[in-house]
Amino acid sequence: MTRSMRAVGGLVAIALALGAFSSGVSADGGRLVIASTQVPRHLNGAVQSGIATAMPSTQIFASPLRYDENWDPQPYLAKSWEVSGDGMKVTLNLVRNALFHDGKPVRAADVAFSIRTVRDNHPFKTMFEPVASIDTPDDHTVVINLDRPHPALLLALSPALAPVLPEHVFGDGDDPKTHPANSAPIGSGPFMLEEFTPGEAVVLKKNPNFFIEDRPRLDEIIIRIIKDPSALLIAMEKGEADMYPFMAGSQEIRRLEKVERLAVTDQGYAAVGPISWLAFNTRSPKLSDVRVRQAIAYAVDRDFIVKALHRGVSKAQRGPIIESSPFFDPSIPAYDVDLDRARSLLADAGFADGMALTVDYIPGPKEQQQTVAEYLKSQLKKVGIDITVRAAPDFPTWSKRISNHDFELTMDVVFNWGDPVIGVHRTYLSTNIVKGVIWSNTQQYANERVDELLNQAAVETDPAKRKRLYAEFQRIVAGDLPIYWINAMPYHTAYDKRLVNPPVGIWGAMHPLDRLEWPEG
Amino acid sequence: MSGSYLIKRLLWGVLLMAGVVVLNFLLIRLAPGDAALVIAGEMGGASEEMLASIRKEYGLDRPLMVQLGLYLADMARLDFGQSFYFNQPVTGLIAQRVGATILLVIVAQLLAIFIGVVLGVLAARNPGGPMSAFVSVFATIGYAVPVFWTGIMLIILFASVLPIFPVEGMQSVKLREAGIIVKSLDILHHLVLPAFTLAVIYLAQYARLSRASMLEVLGSDYIRTARAKGASEASVLFKHALRNAALPILTVAGLQFGNLISGALLVETVFNWPGMGRLAFDSILRRDHPTILGVLFFSAAMVVVANLLTDLAYRFADPRLRGRT
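Chains as they are written, first to last, in numbering that gives the first Met the number 0: chain U, 0 to 520; chain F, 0 to 324.
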């Protein structure tokens, strides 16, 4: 053997030895490695929405309530709660043994401070807008006084939406949106922040003084940010990561389904309610006639999109409220593909000779946006609509066009966020047509009856009546079609099969992972 | 080497950096897109008031020249500002990543020079032989293949066919509690593929350059004299010929440093290497102006320093230049 061959052989041996060493150490039972493509700006969910922040925020901060798989509220920092008969007052009775990570007790004043902070700084204004005042008669009682009934309030007290902040840290007068502690937060949740490297990783250690006995079960959670999905898949396949939530690509899903060590589920996204849709600019001269919008709906084959383009991993979505929500009304029209009807509607609207339209799409997962936009081009040609697909190089370019109403059609993905008041109303209320603001009513849709129904549903405390109001709302917008809803984003979670209690509740991984554990031995 | 030469070069470097700062600032502000909208988008939407408050918070509501003046004043104090996106000091963000980029770039540079020069020298030894043909073919392929393609091919090879090297990241999270030696070995283990990927294109260039340079030198009278005096072939090649043939290689090495940094951006993205390149790429998409400007500043500084060091090395290698200013 020559010297150079011996050298190469030696290098390979070292590489194999290091590889074997790495995989040997990976058997550590107390650590969970979550792989994510999402980059958190910071870790404080009180002033920031989105998956990226909510995942670590719900581990660091506890909240008044948490939710089970059936959408029922469960005790968390509040061991019990009462809603007054008129719906104008909610009283939270707090546990007495909760401590922040710095050892200071969680007091009613902290809860009141946190709700006010969220109300004044979180982008979802509707969550706590009706909160008029908050009383704290003692250190363990919080009374939330409302200026109108607010049935969405209890859901808004979930970990993903209402983290309880320590007033002694965040109440120093600095702007909460840019507070330095947002990147080095102290909470009372099951895990404490050990290390945050922006854009790279979040390392969380077990909170030994967590107020729920025998929890959390894991010693450590590492959220590794791997922006390239291929590299992320390799990490999952090689066992370098144990869980990959919010996976939406059909190729990714199918590939990880083949890995023996992993389980893949679409459970855990009911409250997130991510809907992929085609929005119409209803003030555009070509699209202001509802018959044109309906013609487009009849021409598009939703089944083809979910079964062929998305390889069967997506679920069809017919209306503005996610189909897994208790408020969804299944009686609304589906607009099954009917090209003759589409042509006839276009002719009735004065476009018998066809028309030209431009479709934008939000830069994001290609399969959910760009691929569908390109499919629209060939499909709508069949009814005489000539589509130009206009790509945006990045989010700022797209959001500027859409928020300034400089578009005709756009593909987008928008979340329901649990209660319709939080994530649905913003898209359809005529009072929310605000130029320059993305994810407002950029379709410029206005219907007085819809406004009336949404405003009534926002204050209706009887669940059955509320459901009826939302049913009528869904029927009207399904007829008016300011938006053609296509599918629920096929979010899936891949996780090591050995994990006990994986996050499959309504908030998925945006929920405390204190019950998650590796099997003994 | 005179001290005045060094001072003169340093002053030119400072002047160049000042120009880079102003030009970068103006170019980036010319790009379309509003950082406030990006932040609002990341937050999940925002009201008009919130957008106005974000713009005010980050000084985006002021005239461009006022923003430039404030930025230059901050830069004079070596304050690179706060990242719009992460709301953290840019210096801290860069400090977390600059080490990874320097490690990648320097190892790739050394690898490219070492292997490239050895291949070039061996090829020059027998210009019509198989090694010479190999170097020519390898150099052509090396020039032609994009760096990201090499990276992806290596990932495919080492992820499934021959899984002996990690294909993403810089450290194994499972070795977090390991000692410094194991951690260092782990980093080296992770470094193999990215460094080789980045080195390939430059390796080919160095091989071609050293072959051509050596061929010229090997035809010189003093080489014939060395051989006539009975010097060994290794001594002729590496002691007498290479030292004289090294000057063009040094020049190119200095010039290539900037290209290496831009190549590192792609390699870092492909291999999920936590360096400045990825930070720059993500910051451009987010219109995070202070971070982009900070990364560009540090990258430019690295190139200026590398060129200065090359000049000094040039003078060290060629005694004829030492007296010049």
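Each residue gets a CB set at the ideal place from its N, CA and C atoms; glycine is no exception.
Checklist entry - Of the choices U:Asn69, U:Lys103, U:Ala240, U:Pro207, whose alpha-carbon is the least far from that of leucine 498 of chain U? => result Counting from 1 along the first sequence, the entry for residue 498 of chain U is found at position 499. Per the Cα distances, U:Ala240.
Checklist entry - Comparing alpha-carbon positions, which option in F:Glu56, F:Phe296, F:Asn243 lies nearest tyrosine 313 of chain F? => result Along the second sequence, one-based indexing puts residue 313 of chain F at 314. Comparing Cα-Cα distances from tyrosine 313 of chain F to each of F:Glu56, F:Phe296, F:Asn243, the minimum goes to F:Asn243.
Item to check | C-beta atoms of histidine 100 of chain U and asparagine 181 of chain U nearer than 8 Å | outcome: The residue given as residue 100 of chain U occupies position 101 in the first sequence. The residue given as residue 181 of chain U occupies position 182 in the first sequence. Not in contact: histidine 100 of chain U and asparagine 181 of chain U (Cβ atoms no closer than 8 Å).
Checklist entry - In chain order, which continuous runs of the alpha helix (DSSP H) of length 4 or greater are located wholly inside the region 265-292 of chain F? => result 275-285
Checklist entry - For methionine 152 of chain F, does the count of other Cβ atoms within 10 angstroms reach 16, so buried, or fall short, so exposed? => result Taking the first residue of the second sequence as 1, we reach residue 152 of chain F at position 153. Exposed, by the Cβ-count rule.
Next on the checklist: Let me check understanding here. Comparing Cα to Cα, which of U:Gln367, U:Asp213, U:Asn500, U:Asp337 lies closest to lysine 382 of chain U?
Outcome noted: Counting from one through the first sequence, the residue named residue 382 of chain U turns up at place 383. Contrary to the premise, residue 382 of chain U reads as valine rather than lysine in this sequence. Residue U:Asp337 is the option with its Cα nearest to valine 382 of chain U.
Item to check | In chain order, each alpha helix (DSSP H) run of at least 4 residues that lies wholly inside the region 204-237 of chain U | outcome: 228-236
Checklist entry - In terms of residues, what are the limits of the alpha helix (DSSP H) holding threonine 177 of chain U? => result As a working mapping, residue 177 of chain U is identified with position 178 in the first sequence. Threonine 177 of chain U -> no alpha helix (DSSP H), and no H or E assigned at all.
Checklist entry - Among F:Leu63, F:Val269, F:Val172, which residue has its Cα nearest to the Cα of leucine 26 of chain F? => result Counting from one through the second sequence, the residue named residue 26 of chain F turns up at place 27. Looking at the Cα atoms, F:Leu63 is the closest of the given residues.
Next on the checklist: Helix, strand or coil, according to DSSP, for aspartate 137 of chain U in the structure here?
Outcome noted: Translated into the one-based positions of the first sequence, residue 137 of chain U becomes position 138. Residue state, collapsed to three classes: strand.
Checklist entry - At a Cβ threshold of 8 Å, is glutamine 108 of chain F touching chain U? => result The count along the second sequence starts at 1 and reaches residue 108 of chain F at position 109. So, not an interface residue.
Item to check | Between the CA atoms of arginine 216 of chain U and glycine 29 of chain U - distance to the nearest angstrom | outcome: Position 30 of the first sequence, counting from 1, holds the residue named residue 29 of chain U. Position 217 of the first sequence, counting from 1, holds the residue named residue 216 of chain U. Going by the C-alpha atoms only, they are around 8 Å apart.
Next on the checklist: Quick check: what's the CA-CA separation for valine 104 of chain F versus lysine 55 of chain F?
Outcome noted: Here the question's residue 104 of chain F lines up with position 105 in the second sequence. Here the question's residue 55 of chain F lines up with position 56 in the second sequence. When rounded, the distance between both Cα atoms is 39 Å.
Next on the checklist: Determine, for asparagine 181 of chain U, whether the minimum Cβ-Cβ distance to residues of chain F falls below 8 Å.
Outcome noted: Translated into positions along the first sequence, residue 181 of chain U becomes position 182. The Cβ of asparagine 181 of chain U sits closer than 8 Å to at least one Cβ of chain F.
Checklist entry - Between F:Tyr221, F:Leu118, F:Tyr142, F:Arg28, which lies nearest to alanine 132 of chain F when the distance is taken from Cα to Cα? => result Stepping through the second sequence from its first residue, residue 132 of chain F is reached at position 133. Ranking F:Tyr221, F:Leu118, F:Tyr142, F:Arg28 by CA distance to the CA of alanine 132 of chain F puts F:Leu118 first.
Checklist entry - Would you report the Cα separation of glutamate 176 of chain F and alanine 35 of chain F, rounded to the nearest angstrom? => result Reading the second sequence from its first residue, position 177 is the one you call residue 176 of chain F. Reading the second sequence from its first residue, position 36 is the one you call residue 35 of chain F. The alpha-carbon separation between glutamate 176 of chain F and alanine 35 of chain F amounts to approximately 40 Å.
Checklist entry - When burial is assigned at 16 or more other CB atoms within 10 Å of the CB, is valine 130 of chain U buried or exposed? => result Translated into the one-based positions of the first sequence, residue 130 of chain U becomes position 131. Its Cβ being crowded by 16 or more others within 10 Å, valine 130 of chain U is buried.
Item to check | Among F:Ala299, F:Ile155, F:Leu307, the one whose alpha carbon lies nearest that of methionine 16 of chain F | outcome: Stepping through the second sequence from its first residue, residue 16 of chain F is reached at position 17. Of F:Ala299, F:Ile155, F:Leu307, the residue nearest in Cα terms is F:Ala299.
Checklist entry - How is serine 22 of chain U classed by DSSP in three states: helix, strand or coil? => result Within the first sequence, numbered from 1, the residue matching residue 22 of chain U stands at position 23. Only weak support is given to the placement of serine 22 of chain U: the predicted model assigns it a pLDDT of 41, under 50, and the question is left unresolved by the model.
Next on the checklist: Quick check: the Cα distance between alanine 107 of chain U and serine 187 of chain U, rounded to an integer number of angstroms?
Outcome noted: Stepping through the first sequence from its first residue, residue 107 of chain U is reached at position 108. Stepping through the first sequence from its first residue, residue 187 of chain U is reached at position 188. Rounded to whole angstroms, alanine 107 of chain U to serine 187 of chain U spans 13 Å at the Cα level.
Checklist entry - Can the beta-carbon of methionine 609 of chain U be found less than 8 Å from the beta-carbon of threonine 57 of chain U? => result The displayed coordinates of chain U run from 0 to 520. Any statement about residue 609 of chain U would go beyond what the structure contains.
Item to check | Contacts around alanine 77 of chain U, its chain only, beta-carbon distance under 7 Å, and the 5 residues preceding and following it disregarded | outcome: What you label residue 77 of chain U is simply residue 78 of the first sequence in a count that begins at 1. Closer than 7 Å at the Cβ level, and outside the excluded window around alanine 77 of chain U, lie Pro63, Leu64, Leu91, Asn92, Leu93.
Item to check | Min CB distance proline 68 of chain U to chain F below 8 Å | outcome: Here the question's residue 68 of chain U lines up with position 69 in the first sequence. In the sequence as displayed, the identity of residue 68 of chain U is glutamate instead of proline. No, its Cβ sits nowhere closer than 8 Å to a Cβ of chain F.
Item to check | Host alpha helix (DSSP H) of arginine 254 of chain U (start-end) | outcome: One-based indexing of the first sequence puts residue 254 of chain U at position 255. Note, arginine 254 of chain U: alpha helix (DSSP H), 249-256.
Next on the checklist: Within 10 Å of its beta-carbon, does threonine 196 of chain U have 16 or more other beta-carbons around it, so buried, or fewer, so exposed?
Outcome noted: On the first sequence, position 197 is the one that residue 196 of chain U refers to. Exposed, by the Cβ-count rule.
Checklist entry - Any idea if phenylalanine 315 of chain F is buried or exposed, counting beta-carbon neighbours within 10 angstroms, 16 or more meaning buried? => result As a first step, residue 315 of chain F is located in the second sequence; it is residue number 316 there, counting from the start. Classification of phenylalanine 315 of chain F: exposed, given that the 10 Å Cβ count is below 16.
Checklist entry - At a cut of 8 Å, does the region 346-362 of chain U reach the region 327-336 of chain U through at least three beta carbon pairs? => result no
Item to check | Cut-off 7 Å between Cβ atoms - residues of its own chain near leucine 264 of chain F, not counting five sequence neighbours on either side | outcome: Residue 264 of chain F sits at position 265 when you count from the first residue of the second sequence. Within the same chain, leucine 264 of chain F has close Cβ partners Gly276, Ala279, Phe280.
Next on the checklist: Whole angstroms are fine: how far does the CA of glycine 150 of chain F sit from the CA of valine 97 of chain F?
Outcome noted: For the purposes of this step, residue 97 of chain F is taken as the residue at position 98 of the second sequence. For the purposes of this step, residue 150 of chain F is taken as the residue at position 151 of the second sequence. Cα-Cα distance, rounded: 21 Å.
Checklist entry - Can you tell me the Cα-Cα spacing of leucine 202 of chain F and alanine 194 of chain F, whole angstroms? => result Translated into the one-based positions of the second sequence, residue 202 of chain F becomes position 203. Translated into the one-based positions of the second sequence, residue 194 of chain F becomes position 195. If I take the Cα positions, the gap works out to 11 Å.
Checklist entry - Where does glutamine 95 of chain F fall in DSSP's three states? => result The residue given as residue 95 of chain F occupies position 96 in the second sequence. Three-state result, glutamine 95 of chain F: helix.
Checklist entry - Do alanine 143 of chain F and proline 273 of chain F come within 8 Å of each other at the CB atom, strictly closer than that value? => result Taking the second sequence and counting its residues from 1, the one referred to as residue 273 of chain F is at position 274. Taking the second sequence and counting its residues from 1, the one referred to as residue 143 of chain F is at position 144. No, the Cβ-Cβ distance between proline 273 of chain F and alanine 143 of chain F is not below 8 Å.
Item to check | Under 8 Å by beta carbon: chain U residues contacting glutamate 47 of chain F | outcome: Residue numbering aside, residue 47 of chain F sits at position 48 when the second sequence is read from its first letter. Simply Val433, Gly435, Val436.
Next on the checklist: How far does the beta strand (DSSP E) with arginine 65 of chain U in it extend, from its first residue to its last?
Outcome noted: By 1-based counting over the first sequence, the position of residue 65 of chain U is 66. 64-66 is the extent of the beta strand (DSSP E) around arginine 65 of chain U.
Item to check | Close-in-space but distant-in-sequence residues of the same chain around glycine 12 of chain F (CB under 7 Å, 5 per side omitted) | outcome: For this step, residue 12 of chain F is matched to residue 13 along the second sequence. The answer, listed in chain order, is Val303, Leu307.
Checklist entry - If the cut is a Cβ gap below 7 Å, which residues of chain U does glycine 40 of chain F touch? => result Against the second sequence, residue 40 of chain F aligns to sequence position 41. Within 7 Å Cβ-Cβ: Phe394, Ser398, Ile437.
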